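One structure below.
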Amino acid sequence: DKNLEQLTVMYHKLVAQNSGLKVELAEVDKKIQRKDQRTGQLERNLKEMKQKYEKLLAQCASLTSAVDSSSMSKGSKALDGTQATRHKNIIKPVK
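Residue numbers for the sequence shown follow our numbering, beginning at 87 and rising by one.
Here you go:
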């Protein structure tokens, strides 16, 4: 009779522990789902930013080549030294 009582108490403890673990599992699953969603959003943002970066690099290269070709054509037309002195006044950024 005493063994039956001990088994009953142990059974109820295990049932309570099991239900507590189920609640904890649900909470952990929700956290994982939120983290997965955030990771997905960050990956999409990163992909978008990379595309924008590549587009800006292409625009920069295009503008640089346009400025270079424009300055070369103006440089050959300049008869006095004003064009050369203007280029000396331009400060280049330090890398």
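For every residue, glycine included, the Cβ atom is placed at its ideal position computed from N, Cα and C. Quick caveat: nothing in here was measured; it's all calculated off a predicted structure.
Task: Rounded separation between residue 138 and residue 116 - CA only - done: 33 Å
Open item on the list: Measuring only the C-alpha atoms, how far is residue 143 from residue 123?
Closed with: 30 Å
- [ ] Whole angstroms is fine: what's the gap from residue 120's alpha carbon to residue 128's?
- [x] 12 Å
Task: residue 165 versus residue 134 - alpha carbon distance - done: Residue placement at residue 165 is poorly supported in this model, since its pLDDT is 48, which falls under 50; the coordinates are not used for a value here.
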